[in-house]
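Worksheet: the structure to be examined is printed underneath.
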Amino acid sequence: MTSADRSGEAPVRAKRADARRNERKLLDAAASVFVDSGVDAPIREIAASAGVGMGTIYRHFPTRADLVVAVYRHQVEACAEAGPALQDGAESPFTALREWVDLFVDFLVTKHGLAHAMGSDSSGFDTLHAYFLDRLVPVCERLLDAAVDAGEIRPGTRAYELMRGIGNLCIGSDSDPDYDPRRMVELLLRGLRRPVSS
Numbered sequence: 365m366t367s368a369d370r371s372g373e374a375p376v377r378a379k380r381a382d383a384r385r386n387e388r389k390l391l392d393a394a395a396s397v398f399v400d401s402g403v404d405a406p407i408r409e410i411a412a413s414a415g416v417g418m419g420t421i422y423r424h425f426p427t428r429a430d431l432v433v434a435v436y437r438h439q440v441e442a443c444a445e446a447g448p449a450l451q452d453g454a455e456s457p458f459t460a461l462r463e464w465v466d467l468f469v470d471f472l473v474t475k476h477g478l479a480h481a482m483g484s485d486s487s488g489f490d491t492l493h494a495y496f497l498d499r500l501v502p503v504c505e506r507l508l509d510a511a512v513d514a515g516e517i518r519p520g521t522r523a524y525e526l527m528r529g530i531g532n533l534c535i536g537s538d539s540d541p542d543y544d545p546r547r548m549v550e551l552l553l554r555g556l557r558r559p560v561s562s
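With the first letter of the sequence shown counted as 1, position 81 gets the number 445 in my numbering; the numbers rise by one all the way through.
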């Protein structure tokens, strides 16, 4: 390959990298809006948060379901990638678990609107749910195991059980302004703690 050919490829790669960054920025903004306002939030609110025009969103995601599914996948990947980073950087394994659970709760707020946004596409929802389990259960399991190994929590809780319990505690938060799922999840995490011997 000649240097001219190589120089011709660089702008294409840069453009693709820019497009990926812009899409991530858009999905981050949409996720934040969905957490605050639900998956039925106006597209103009998402566009304003992302700093783009509404046409840009519709060009990437022609329907609301397309956008919600993309945000869902984006958040699954963010949760999956956050686990090891938190494990490496947190002051303790339990702190890493708690911080990861906080991200997971944000994700669940979006997930609860997914079935409605996808309408009758139950097979698509099932595929996404399997993807969610494949990516996140192992991450949660590693965080739990590290906290058990450090003597911070009791052994015996399975990752799937914990995630399912957190999911159940998050149900209803969108319909009851007096219900705070984060408080309930914090109580659940406290229940996992190993008592400190005096």
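The beta-carbon is built from N, C-alpha and C at its ideal position, and this holds for glycine as well.
Discussion item. Could you check whether Val432 and Val403 sit closer than 7 Å to each other, using their CB atoms as the reference points?
Written reply: What you label residue 403 is simply residue 39 of the sequence shown in a count that begins at 1. What you label residue 432 is simply residue 68 of the sequence shown in a count that begins at 1. Yes; because the gap between Cβ atoms is below 7 Å, this pair is in contact.
Worksheet entry | Spatial distance of Met548 from Leu533 (CA atoms) | Looking up residue 548 in the sequence shown gives position 184. Looking up residue 533 in the sequence shown gives position 169. Using only the alpha carbons, I get a separation of about 7 Å.
Item to complete: Classify Ile517 as helix, strand or coil using the three-state DSSP reduction.
Response: The residue given as residue 517 occupies position 153 in the sequence shown. Residue state, collapsed to three classes: strand.
Worksheet item: Is DSSP giving Arg388 helix, strand or coil here?
Response: For this step, residue 388 is matched to residue 24 along the sequence shown. DSSP places Arg388 in helix when its eight states are reduced to three.
Fill in: Euclidean distance between Cα positions of Ala383 and Leu472
Taking the first residue of the sequence shown as position 1, residue 383 is located at position 19. Taking the first residue of the sequence shown as position 1, residue 472 is located at position 108. Going by the C-alpha atoms only, they are around 27 Å apart.
Discussion item. Quick check: the Cα distance between Tyr495 and Ala395, rounded to an integer number of angstroms?
Written reply: Translated into the one-based positions of the sequence shown, residue 495 becomes position 131. Translated into the one-based positions of the sequence shown, residue 395 becomes position 31. When rounded, the distance between both Cα atoms is 18 Å.
Worksheet entry | C-beta atoms of Leu507 and Ala434 nearer than 7 Å | Mapped onto the sequence shown, residue 507 falls at position 143. Mapped onto the sequence shown, residue 434 falls at position 70. Cβ atoms of Leu507 and Ala434: not closer than 7 Å.
Worksheet item: Taking the C-alpha atoms as reference points, what is the distance between Glu441 and Gly447?
Response: Taking the sequence shown and counting its residues from 1, one reaches residue 441 at position 77. Taking the sequence shown and counting its residues from 1, one reaches residue 447 at position 83. Between Glu441 and Gly447, the C-alpha separation is close to 10 Å.
Worksheet item: Start and end of the alpha helix (DSSP H) containing Asp430?
Response: On the sequence shown, residue 430 is found 66 positions in, with the first residue counted as 1. It spans 428-453 - the alpha helix (DSSP H) in which Asp430 sits, taken as one unbroken run.
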